[in-house]
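A.B. asks: Numbering follows our numbering, with no gaps: position 39 of the sequence shown is 413. Glycine included, C-beta positions come from ideal geometry on N, C-alpha and C.
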Amino acid sequence: MRLQINGDEHDLDVITLKDVVTHFGLQEGLVVTEVDGTIIDRLNWKDINVQDGMKIELVHFVGGG
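(1) Just mark L377 as buried or exposed, buried being the case when its beta carbon has 16 or more other beta carbons within 10 Å.
(2) Can you check which of these residues, I422, E431 and G438, is closest to G411 by C-alpha distance?
(3) If I follow the unbroken beta strand (DSSP E) through V395, where does it start and stop?
(4) Between which two residues does the beta strand (DSSP E) containing I422 stretch?
(5) Is the stretch 400 to 416 touching the stretch 382 to 390, taking contact as three or more C-beta pairs under 8 Å?
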């Protein structure tokens, strides 16, 4: 499936938004997701089936000094 993630095209074999986050190895508690302009609550990731052409933004938080 071809998805646009953070502005870059990716071919991924995923079913849900949760699968996308897992694919990139991101910690669920530190990620905000947006699909086609709508922020999706982490509790709903498993219920959002991704479709070819979706635009997904993954914003993750990192600590540092």
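C.D. replies: The structure says:
(1) buried
(2) Ranked by Cα distance from G411, the first of I422, E431 and G438 is E431.
(3) Segment L391 to H397 is the alpha helix (DSSP H) holding V395; no beta strand (DSSP E) there.
(4) It is not in any beta strand (DSSP E) - I422 carries neither H nor E in the DSSP assignment.
(5) no
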